[in-house]
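Residue numbers (this note's numbering), protein chains in the order written: chain A, 3 to 250; chain B, 6 to 628.
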């Protein structure tokens with residue numbers, strides 16, 4: 003078993019000996035294999051690894067989207083492993099935010115309606131100013147009435163970030179947030195995430211891009227479902243070298 | 006949630022056109038049938054009139070009502086089921102940003118409410134048009150008297166709105182439950198988790214209706230003529246639902262048996278196997294159409310044929326004389342003649358609040374002559390004086406006990422039922438009255454028919470000429486054929502109406518499925534073109550695929566109709582002693598070809614429109 007603990011004090015998310023196996027018998031694949039890991043509060047952690055190293059599965063398990071076969075997942079002091087559908091729904095509403103590679107905005111709603119959606123689902127009637135303020139924070143105050151198809155990829159991703167942040171979640175999970183963006187748009191999105199982390203937002207991000215990972219506070223490397231290394235405060239070149247050494 | 010429902014509908018309105026038209030048609034038909042039903046049931050038949058048959062009208066309208074509701078819910082539920090399958094990623098995304106299962110269910114039900122409201126708003130005026138058509142139809146087939154007019158009721162507006170909402174909500178219920186079970190993780194998986202097509206619900210529905218159909222087939226042979234016929238007519242509904250529910254399982258198997266060669270054939274077959282749900286959605290209305298049309302057609306025709314056969318076996322006569330008023334036959338060449346005068350009679354059974362009055366066909370007969378002309382009638386020796394017997398029609402008359410009898414406005418009081426003939430499959434008079442029970446002046450203008458047996462060696466031509474002075478004379482075979490044709494005509498008329506309606510719905514269903522299926526495929530078509538297929542080849546592959554699915558649906562529908570065939574054989578064998586199955590290949594082939602034509606045409610049109618854009622623009626667009 004590989005054990006890596008990132009020093010800083012209180013954890014936003016803690017994984018305790020988690021494993022996730024797909025398939026059965028000889029076809030069984032251990033996507034996550036006995037991982038012990040803490041994502042520190044108020045910090046931005048990037049998860050990297052070659053294709054098939056289990057980084058997406060790790061993210062899904064940490065966010066309570068996928069059940070673990072063994073081990074425990076803790077969000078703050080809430081145990082996700084035992085939570086039922088209702089409790090997980092509440093967690094997603096109030097304490098967790100998601101950003102995806104493919105933006106995943108609802109095409110029939112405008113940018114501000116997309117951003118207000120999580121609050122409305124929670125039964126709140128958000129004030130327009132509140133929603134506009136969040137959109138302004140991602141630099142899209144003037145795009146509130148546009149539908150996703152009228153926005154560029156980078157703008158759509160910023161709307162997605164605004165939607166994730168509108169509930170002020172404890173942890174923001176990001177799955178390849180710059181994977182579908184050109185370098186210019188990617189830099190705007192990464193600057194935004196950096197600013198959020200500097201304000202104390204906990205972020206867990208899966209990425210292929212050493213440049214994106216280098217903007218995080220720490221980088222965790224996975225291979226074959228296990229944590230094999232970690233770097234803190236490394237530059238893009240250093241992250242890339244380490245990734246190449248892992249066979250990615 | 007409601008705003009989201011509205012936005013969702015506005016975004017994908019083309020997917021809901023079919024469902025909206027279905028609700029509209031359903032509301033229109035239910036409204037019109039309801040108005041006519043109430044007008045027919047409450048209309049007072051003018052004294053002495055017998056041209057009208059309010060019961061037949063009520064029965065026909067009842068069938069149309071039930072049939073419309075059944076098909077509307079069926080089509081709406083398949084539309085919603087299909088759109089849920091296509092929107093799994095969107096629904097998962099909602100769950101991911103915090104929607105609860107109940108909220109996702111409410112989203113779908115909200116769409117259903119909007120759809121139902123739209124259907125009601127368009128269906129109410131459309132219902133007025135349908136009312137005109139249906140009234141004309143009832144007049145033409147003689148189900149209502151010429152002066153019959155449907156009456157408008159104000160409350161029908163409320164009823165129609167209720168109908169629209171109920172149809173849409175009932176149709177969306179299963180899909181909404183299914184949507185609530187979509188897992189949030191599916192939003193993150195790039196391919197989208199391949200949802201299981203054969204869900205537990207599908208299995209249960211398929212097996213439940215298959216078991217129900219089997220039970221109906223088994224029971225139908227023991228349920229007597231009326232019950233047996235009713236069960237046999239209902240078998241195709243059950244087998245159709247079973248076939249549609251199990252379609253994802255059966256279609257690929259059947260399609261594998263169809264010949265398909267070359268690259269395009271292989272591609273079509275692979276697409277069909279891969280898109281099990283899409284294939285099943287296109288096949289489902291075809292299965293329902295085929296099963297119901299083939300099943301009802303065979304049942305109607307076979308029961309009519311069995312009735313004619315039965316009549317032939319049960320009649321011992323050489324000639325039949327028909328006249329518009331009573332007559333007697335006393336001729337030297339005649340060995341026996343059963344003179345039967347027909348008139349309507351009101352039969353009341355029970356007493357007080359439980360009493361029920363029905364208008365039935367009655368025949369005034371001489372019991373001994375009647376038994377001679379209809380040898381399988383049993384003994385009518387007791388039928389003398391103040392008494393009646395139950396006739397071969399059977400409807401509305403108890404086997405024994407007393408009934409209250411009114412004939413042409415004259416109350417004959419309580420009369421005992423003293424005898425009964427076996428109930429036949431072809432129906433006939435429900436009541437036999439002995440001569441003398443009904444005053445002669447009541448019978449003055451009653452149509453009369455005599456079954457005449459000639460003496461051996463009598464001069465047939467001379468006797469026939471003498472009989473012709475009494476009324477119209479026909480040889481027995483000639484009369485049986487004409488009587489059968491008249492009976493079949495009513496049957497055909499009803500069949501035509503019900504099947505026409507079914508076909509209309511099925512057509513909507515088929516077009517709907519093909520449109521929805523193709524709407525999700527521009528990217529897939531673009532990928533095929535990027536791989537080197539020309540636009541023509543893509544269209545041909547799509548056409549091959551839809552043709553294969555249709556043929557598979559037709560085969561499964563025929564199989565489902567087979568349940569009715571078995572039931573018809575069981576009923577006719579049990580009731581008449583002879584198994585009868587009369588299949589009409591012409592109309593069946595016509596239905597099959599039309600289905601094939603409609604699916605092919607729709608498939609070509611939709612895939613043509615889906616391939617209009619250059620492939621690269623579709624492949625590049627992500628969102």
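C-beta atoms are modelled at their ideal positions from N, C-alpha and C, and glycine is treated no differently. No experiment lies behind these values; they were computed from the predicted model shown.
Length of the line joining the Cα atoms of residue 205/B and residue 213/B: Locating residue 205/B in the second chain gives position 200, counting from the first residue. Locating residue 213/B in the second chain gives position 208, counting from the first residue. So the two alpha carbons sit approximately 12 Å from each other.
Buried or exposed: where does residue 95/B fall if 16 or more other Cβ atoms within 10 Å of its Cβ makes it buried? Reading the second chain from its first residue, position 90 is the one you call residue 95/B. The residue is buried, with at least 16 neighbouring Cβ atoms inside 10 Å.
If you follow the beta strand (DSSP E) that residue 100/A is in, where does it begin and where does it stop? Within the first chain, residue 100/A is the residue found at index 98, counting from 1. Run containing residue 100/A: 98 to 101, per the beta strand (DSSP E) assignment.
Through-space distance from residue 216/B to residue 329/B, alpha-carbon basis: Working through the second chain from its first residue, we reach residue 329/B at position 324. Working through the second chain from its first residue, we reach residue 216/B at position 211. One C-alpha to the other measures close to 51 Å.
I want to know whether the region 11 to 18 of chain A touches the region 41 to 48 of chain A - three or more CB-CB distances under 8 Å. yes
Beta bridge counterpart(s) of residue 407/B as assigned by DSSP: Here residue 407/B refers to the residue found at position 402 when the second chain is read from its first residue. In the DSSP output, where bridge partners are listed per residue, residue 407/B has 421/B.
Is there at least one Cβ from chain B nearer than 7 Å to residue 120/A's Cβ? Translated into positions along the first chain, residue 120/A becomes position 118. Yes, residue 120/A lies at the interface with chain B (some Cβ there is under 7 Å from its Cβ).
Put residue 41/A into one of helix, strand or coil per three-state DSSP. As a working mapping, residue 41/A is identified with position 39 in the first chain. Three-state DSSP puts residue 41/A in a strand.
Determine, using beta carbons only, whether residue 104/B comes closer than 7 Å to chain A. Counting from one through the second chain, the residue named residue 104/B turns up at place 99. Judged by the 7 Å Cβ criterion, residue 104/B is in contact with chain A.
Taking the straight line between their C-alpha atoms, what separation do you get for residue 200/A and residue 37/A? One-based indexing of the first chain puts residue 200/A at position 198. One-based indexing of the first chain puts residue 37/A at position 35. Taking C-alpha positions only, residue 200/A is separated from residue 37/A by approximately 27 Å.
Cβ-based neighbour list, residue 509/B, same chain, cut-off 8 Å, excluding 5 preceding and 5 following: Taking the second chain and counting its residues from 1, one reaches residue 509/B at position 504. Taken in chain order, the residues that qualify are 30.
Boundaries of the alpha helix (DSSP H) in which residue 322/B is found, first to last residue: Taking the first residue of the second chain as 1, we reach residue 322/B at position 317. Careful: residue 322/B lies outside any alpha helix (DSSP H) and carries neither H nor E.
Name, please, each residue of chain A whose Cβ falls closer than 7 Å to the Cβ of residue 108/B. For the purposes of this step, residue 108/B is taken as the residue at position 103 of the second chain. In chain order: 123.
Determine the contact status of residue 569/B and residue 304/B, defining contact as a CB-CB distance below 7 Å. For the purposes of this step, residue 569/B is identified with residue 564 of the second chain, where counting begins at 1. For the purposes of this step, residue 304/B is identified with residue 299 of the second chain, where counting begins at 1. Yes, they are a contact pair.
is_contact[residue 100/A, chain B] using C-beta, thresh 7 Å: The residue you call residue 100/A lines up with position 98 of the first chain. Chain B contact via Cβ: present.
Got a sec, what are the start and stop residues for the alpha helix (DSSP H) residue 38/B sits in? Translated into the one-based positions of the second chain, residue 38/B becomes position 33. 18 to 47 is the extent of the alpha helix (DSSP H) around residue 38/B.
Residue 210/A touches chain B at which residues, Cβ-Cβ below 8 Å? Here residue 210/A refers to the residue found at position 208 of the first chain. Under the 8 Å cutoff, chain B gives no residues; its nearest Cβ is about 14 Å from residue 210/A.
Reference residue 244/B, options 290/B, 259/B and 322/B, closest by Cα: The residue given as residue 244/B occupies position 239 in the second chain. Looking at the Cα atoms, 290/B is the closest of the given residues.
Helix, strand or coil for residue 610/B? Go by DSSP, reduced to three states. Position 605 of the second chain, counted from the first residue, corresponds to residue 610/B. DSSP places residue 610/B in helix when its eight states are reduced to three.
I'd like the span of the beta strand (DSSP E) that includes residue 17/A, first residue to last. Taking the first residue of the first chain as 1, we reach residue 17/A at position 15. Start and end: 13 to 24.
CB-CB under 8 Å to residue 427/B, same chain, minus the five flanking residues each way: which ones, in chain order? Working through the second chain from its first residue, we reach residue 427/B at position 422. Excluding residues within five positions, the ones whose Cβ falls inside 8 Å are 381, 382, 383 and 397.
Can you pull the DSSP bridge partners for residue 108/A? Locating residue 108/A in the first chain gives position 106, where the first residue counts as 1. Answer is none; residue 108/A lacks a bridge partner.
I'd like to check one pair, residue 37/B with residue 128/B: are the Cβ atoms closer than 7 Å? Indexing the second chain from 1 puts residue 128/B at position 123. Indexing the second chain from 1 puts residue 37/B at position 32. No, Cβ-Cβ distance for residue 128/B and residue 37/B is not below 7 Å.
Any beta carbon from chain B within less than 7 Å of residue 132/A's own beta carbon? Here residue 132/A refers to the residue found at position 130 of the first chain. No, no contact with chain B.
Looking at the C-beta of residue 16/B, does it have a partner C-beta in chain A at a distance below 7 Å? Your numbering for residue 16/B matches position 11 in the second chain. Using beta-carbon distances, residue 16/B counts as an interface residue toward chain A, with a partner under 7 Å.
Under 7 Å (Cβ pairs) to chain B, residues found in the region 104 to 120 of chain A: 104, 105, 106, 108, 109, 110, 111, 119 and 120
Using a Cβ-Cβ cutoff of less than 6 Å, which residues in the same chain neighbour residue 224/A once the five nearest sequence positions on both sides are dropped? Position 222 of the first chain, counted from the start, is the residue given in the question as residue 224/A. Closer than 6 Å at the Cβ level, and outside the excluded window around residue 224/A, lie 51, 55, 56 and 57.
Between the beta-carbon of residue 587/B and the beta-carbon of residue 307/B, is there less than 7 Å? Within the second chain, numbered from 1, the residue matching residue 587/B stands at position 582. Within the second chain, numbered from 1, the residue matching residue 307/B stands at position 302. It is a contact, given that the beta carbons lie within the stated cut-off.
Just the C-alpha distance for residue 28/B and residue 506/B, rounded to the nearest angstrom, thanks. Here residue 28/B is taken as the residue at index 23 of the second chain, counted from 1. Here residue 506/B is taken as the residue at index 501 of the second chain, counted from 1. Taken atom to atom, the span from the alpha-carbon of residue 28/B to that of residue 506/B is near 14 Å.
What do you get for residue 333/B, buried or exposed, if any count of 16 or more other CB atoms within 10 angstroms of its CB means buried? The residue labelled residue 333/B in the question sits at position 328 within the second chain. By the 10 Å Cβ count, residue 333/B comes out exposed.
Taking the alpha helix (DSSP H) that residue 570/B belongs to, which residues open and close that run? Position 565 of the second chain, counted from the start, is the residue given in the question as residue 570/B. The continuous alpha helix (DSSP H) containing residue 570/B extends over residues 540 to 581.
Where does residue 375/B land, buried or exposed, given buried means 16+ other C-beta within 10 angstroms? Residue numbering aside, residue 375/B sits at position 370 when the second chain is read from its first letter. Answer is buried; the Cβ neighbour count reaches 16.
Using a Cβ-Cβ cut-off of less than 7 Å, give me the residues of the region 167 to 192 of chain B that come near chain A, in sequence order. 189, 190 and 192
Rounding to the nearest angstrom, what Cα-Cα distance links residue 367/B and residue 377/B in this structure? Counting from 1 along the second chain, the entry for residue 367/B is found at position 362. Counting from 1 along the second chain, the entry for residue 377/B is found at position 372. Using only the alpha carbons, I get a separation of about 19 Å.
Nearest-angstrom Cα separation, counted from residue 322/B out to residue 460/B: Along the second chain, read from residue 1 onward, the residue named residue 460/B stands at position 455. Along the second chain, read from residue 1 onward, the residue named residue 322/B stands at position 317. Taking the straight line joining both Cα atoms gives about 11 Å.
For residue 203/A, three-class secondary structure by DSSP: The count along the first chain starts at 1 and reaches residue 203/A at position 201. DSSP places residue 203/A in coil when its eight states are reduced to three.
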